[in-house]
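Colleague: Taking the working numbering, the leading residue of the sequence shown gets 589, the next gets one more, and so forth.
Backbone N, C-alpha and C fix where the C-beta goes; we use that ideal spot for every residue, glycine too.
Note that the structure is a prediction, hence the values are computed from the model and not measured.
Have a look at the structure that comes next, please.
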Amino acid sequence: MGSQNKNRNLSENESDSEAFPQLCKNNCGFYGAESTMNLCSKCYRESCFQLQANFEKLTVEENLDQPNLTQKESSFCCPDHDDSVASQSSISSPNSSPSLCLIQKTTSNRCSSCRKRVGLLGFKCRCGNTFCSMHRHPEEHGCTIDFKTAARNAIAKANPLVKVDKLQRI
């Protein structure tokens, strides 16, 4: 019976420690919870934002480290700049040109040809740009996508050629 009393006392102590909330790890004066890594709600939210910012920073740095990707983006999203201007900006500050392209790519509420505001929807082309009603057709904005070849490849992929095995005649 003595061992049962000790076990009961241990279980009561454990439940007592769970019943009393613990202070935040950052010593801000508020109470934390185990579900939030013993942080209060404010500190937990801030730590989540910091982790997310660090993750985004790492992914941007990884994208900038890949030279082929940045060259494709710069030729894709900066077609209205002269080659001489693009080469000067890449020579003077190589890190600023990819960030400039990323900024231009995110602003999709303007037509890529005439820079007219297109509203919420606009017309998105297969080349990835957004256009107004005047430039929405591929021949109007000089789209570089080969629609015929893409359609032929899609049909060939959807309908594979079926060949009958040769039968041996008896």
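Count the other C-beta atoms from every protein chain shown that fall within 10 angstroms of the C-beta of Phe719, then say buried if there are 16 or more, exposed otherwise.
Modeller: As a first step, residue 719 is located in the sequence shown; it is residue number 131 there, counting from the start. Label assigned to Phe719: buried.
Colleague: Report yes if the CB atom of Gly620 is closer than 8 Å to the CB atom of Gln610, and no otherwise.
Modeller: In the sequence shown, counting from the first residue as 1, residue 620 sits at position 32. In the sequence shown, counting from the first residue as 1, residue 610 sits at position 22. Yes, they are a contact pair.
Colleague: DSSP three-state call for Lys645: helix, strand or coil?
Modeller: As a position in the sequence shown, residue 645 is number 57, starting the count at 1. Correct three-state label for Lys645: helix.
Colleague: Which of helix, strand or coil does DSSP assign to Thr624?
Modeller: In the sequence shown, residue 624 corresponds to position 36, counting from 1. Looking at Thr624 - three-state DSSP - the assignment turns out to be helix.
Colleague: Is Leu627 near Lys613, with beta carbons less than 8 Å apart?
Modeller: Mapped onto the sequence shown, residue 627 falls at position 39. Mapped onto the sequence shown, residue 613 falls at position 25. Yes, the Cβ-Cβ distance between Leu627 and Lys613 is below 8 Å.
Colleague: Check whether the Cβ atoms of Ser700 and Phe711 lie closer than 8 Å to each other.
Modeller: Position 112 of the sequence shown holds residue 700. Position 123 of the sequence shown holds residue 711. Going by C-beta atoms, Ser700 is not nearer than 8 Å to Phe711.
Colleague: In angstroms, rounded to a whole number, what distance separates the CA positions of Lys704 and Gly716?
Modeller: Along the sequence shown, read from residue 1 onward, the residue named residue 704 stands at position 116. Along the sequence shown, read from residue 1 onward, the residue named residue 716 stands at position 128. So the alpha carbons of these two residues sit roughly 17 Å apart.
Colleague: Which residue comes first and which comes last in the alpha helix (DSSP H) that contains Thr732?
Modeller: Here the question's residue 732 lines up with position 144 in the sequence shown. Taken as a continuous stretch (DSSP letters only), Thr732 belongs to no alpha helix (DSSP H), as it is neither H nor E.
Colleague: Tell me whether Lys630 sits in a helix, a strand or coil according to DSSP, three-state version.
Modeller: As a position in the sequence shown, residue 630 is number 42, starting the count at 1. In the structure shown, Lys630 sits in a helix (DSSP, three-state: H, G or I).
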